[in-house]
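Just so it is clear: in the sequence shown, position 41 is 41 by my numbering, and no numbers are missing. From the three backbone atoms N, C-alpha and C, an ideal C-beta is built for every residue, glycine too. Notes for the one structure printed next.
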Amino acid sequence: MHNRRPATPASPLARARRIVVKVGSALLVDAATGRLNRAWLETLAGDLLRLRERGQEVILVSSGAIALGRRQLGLSRGALRLEESQAAAAVGQIRLAHAYKEVFDAHGVTVAQVLLTLEDSERRRRYLNARATLSGLLALGALPVINENDTVATSEIRYGDNDRLAARVAQMTSADCVVLLSDVDGLYTADPNRDPAAKLIERVPRVTPQIEAAAGTARSDFGTGGMATKVAAAKIAVSAGAHLCIAAGAHRHPVRRVEDGAPCTWFAPQGNPRAARKQWIAGTLRPRGALVVDEGALRALRAGKSLLPAGVIGTRGHYDRGDTVSVLAADGSEFARGIAAYADGDLTRIMGRKTAEIAALLGYRGRDEMIHRDDLVIVAEEAAPAATPEPAHD
Numbered sequence: 001m002h003n004r005r006p007a008t009p010a011s012p013l014a015r016a017r018r019i020v021v022k023v024g025s026a027l028l029v030d031a032a033t034g035r036l037n038r039a040w041l042e043t044l045a046g047d048l049l050r051l052r053e054r055g056q057e058v059i060l061v062s063s064g065a066i067a068l069g070r071r072q073l074g075l076s077r078g079a080l081r082l083e084e085s086q087a088a089a090a091v092g093q094i095r096l097a098h099a100y101k102e103v104f105d106a107h108g109v110t111v112a113q114v115l116l117t118l119e120d121s122e123r124r125r126r127y128l129n130a131r132a133t134l135s136g137l138l139a140l141g142a143l144p145v146i147n148e149n150d151t152v153a154t155s156e157i158r159y160g161d162n163d164r165l166a167a168r169v170a171q172m173t174s175a176d177c178v179v180l181l182s183d184v185d186g187l188y189t190a191d192p193n194r195d196p197a198a199k200l201i202e203r204v205p206r207v208t209p210q211i212e213a214a215a216g217t218a219r220s221d222f223g224t225g226g227m228a229t230k231v232a233a234a235k236i237a238v239s240a241g242a243h244l245c246i247a248a249g250a251h252r253h254p255v256r257r258v259e260d261g262a263p264c265t266w267f268a269p270q271g272n273p274r275a276a277r278k279q280w281i282a283g284t285l286r287p288r289g290a291l292v293v294d295e296g297a298l299r300a301l302r303a304g305k306s307l308l309p310a311g312v313i314g315t316r317g318h319y320d321r322g323d324t325v326s327v328l329a330a331d332g333s334e335f336a337r338g339i340a341a342y343a344d345g346d347l348t349r350i351m352g353r354k355t356a357e358i359a360a361l362l363g364y365r366g367r368d369e370m371i372h373r374d375d376l377v378i379v380a381e382e383a384a385p386a387a388t389p390e391p392a393h394d
């Protein structure tokens, strides 16, 4: 039994709008048999369904493919060569996805499998595509289940652990909360396996060198991420404005346990996800280009709406999809900045036109907005000198 502390409506997990939950291999796969721990998985599913039923969006990051596949292929329990890991992942991923499908199908929830590599969060176009896919799945009511694409990822393009992958997914999707379920119940002042006097650190307001030193290098038998990778994940998540929790997951209903006040470690965010993203956009020193918009578009932006191609009357500079651009009033003053959904060449064909005409004009169906409101920040209500677009690079 653990000492329960009553959860409050203000707890990070209870008030989060979008939650990323990461499950480690040691929880999903029985260490003795190498088989999926189905009974435990069903209790996790119950927890995630509970979050969804109260209106929260959930993304699951799941390890386990290699651990399941190696048993099926009869691979030894020692360290695997790269090609063995990739083969095990290819076999195990099918079993893992099927297990999630079966568990959630019983409750009428559609599961979507998404496999990512490090490049998908580091390269702009891949990042935008992955972000759009995840946002679309959530909008359609599906539950994304994400894993690293171990069948193709080599050492130079790997996250290497799903803790940091979960933090990157939170950053990518502007999630408010990340829960890392593992075989430990949080960060201690020292390695509790070696030091009986080690104490659980329940709250970390800021990741300091002392906190990183306390993380140590402990590892589980099945997983690849020790406490150090969890603290590295926390640094990513909190900088993106998300709370992050490290909690023991081996118990049944592990997420509900966190809400009920089970011992765990909470890392406090720096701001909130939307503010962190918009601060990054506003802080771009040299936008790659600029859009000139009409007065109707300015009024719409002031009201918190997105910028549609119909409101654009001019374009300056050369930029690509995903670049930060300035939004200028007709007199040339900078009003806002945002992330362009179309390159300058495509915009010249659709500016001033209705959204319904985009597909016919470009030959493909892109986004309805030139800049979505989530990717736009007003930088000056009053007239300001126009920013000089950054020269295009080959």
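Residue i at chain C interface by Cβ criterion, 7 Å
i, result
"L200", "Absent from the structure: chain C. Only one protein chain is present."
Buried or exposed by the 16-neighbour rule on C-beta atoms within 10 Å, applied to residue i
i, result
"D344", "buried"
"P287", "buried"
"N37", "buried"
"G141", "exposed"
"A233", "buried"
"Y188", "buried"
"A130", "buried"
"E202", "exposed"
"D195", "exposed"
"P12", "buried"
"K278", "buried"
"S76", "exposed"
"Q210", "exposed"
"D260", "exposed"
"A359", "exposed"
"F222", "Because F222 sits at a pLDDT of 40, beneath the cut-off of 50, its placement in the model cannot be relied upon, and the following sentence gives the value as read from the coordinates. Result: buried."
"T315", "buried"
Proximity below 7 Å, CB of residue i to CB of residue j
i, j, result
"D183", "G216", "no"
"P269", "V238", "yes"
"L60", "V169", "no"
"Y319", "G338", "no"
"E369", "S306", "yes"
"V58", "I94", "no"
"V178", "A240", "no"
"A97", "L73", "no"
"P377", "A276", "What sits at residue 377 in the sequence shown is Val, not Pro. No, these two residues do not count as a Cβ contact at 7 Å."
"V255", "D47", "yes"
"P309", "I350", "yes"
"A336", "V325", "no"
"A341", "R367", "yes"
"G322", "L128", "yes"
"S63", "S25", "yes"
Pick from the options that is closest to residue i, judged by C-alpha positions
i, options, result
"A90", "V152, L60 and P209", "V152"
"M227", "A242, A248 and A240", "A248"
"H253", "R54, R17 and V23", "V23"
"G317", "T348, L137 and D294", "T348"
"N266", "E295, K230, S326 and Q113", "For the sequence presented, residue 266 should be read as Trp rather than Asn. Among E295, K230, S326 and Q113, the Cα nearest to that of W266 is on K230."
"R71", "S62, R35, D331 and A341", "R35"
"V293", "R274, K199, P263 and G332", "G332"
"V114", "E334, D260 and Y100", "Y100"
"V21", "A106, A39 and D176", "D176"
"T44", "F104, S135 and N272", "Note on residue identity: the sequence assigns Leu, not Thr, to residue 44. Out of F104, S135 and N272, F104 has the C-alpha closest to the C-alpha of L44."
"L291", "G352, A79, Y127 and G136", "G352"
"G92", "L68, V109, A213 and L82", "L68"
"L165", "E122, I313 and G78", "E122"
Three-state secondary structure assigned by DSSP to residue i
i, result
"G304", "coil"
"I201", "coil"
"N193", "coil"
"Y100", "helix"
"S326", "strand"
"R316", "strand"
"T224", "Low confidence applies to T224: its pLDDT is 45, below 50, so where it sits in the model is not reliable, and the reading given next is rough at best. It is coil, neither helix nor strand."
"E42", "helix"
"P287", "coil"
"V91", "helix"
"V21", "strand"
"R349", "helix"
"E369", "coil"
"N162", "helix"
"R219", "Confidence at R219 is low in this model, with a pLDDT of 41, below 50, so its placement is unreliable and the value that follows should be read with caution. Of the three classes helix, strand and coil, the one that applies to R219 here is coil, per DSSP."
"P144", "strand"
"S182", "strand"
"E122", "helix"
Beta-carbon separation (whole angstroms), residue i vs residue j, contact threshold 8 Å
i, j, result
"A65", "D150", "6 Å"
"A16", "Q56", "6 Å"
"I236", "A297", "With 8 Å as the limit, I236 and A297 do not qualify as a contact, their Cβ atoms being about 35 Å apart."
"L415", "L49", "Since the displayed the chain opens at 1 and closes at 394, residue 415 lies outside it and no answer follows."
"G304", "R257", "The Cβ separation is near 38 Å, so there is no contact."
"R274", "S174", "6 Å"
"E148", "L181", "Their Cβ separation, rounded to whole angstroms, is 17 Å, which puts E148 and L181 out of contact at 8 Å."
"C264", "D185", "6 Å"
Check: residue i C-beta below 6 Å from any heavy atom of the ligand SAM
i, result
"R35", "Within the structure as shown, the ligand SAM is missing, as the structure has no ligands at all."
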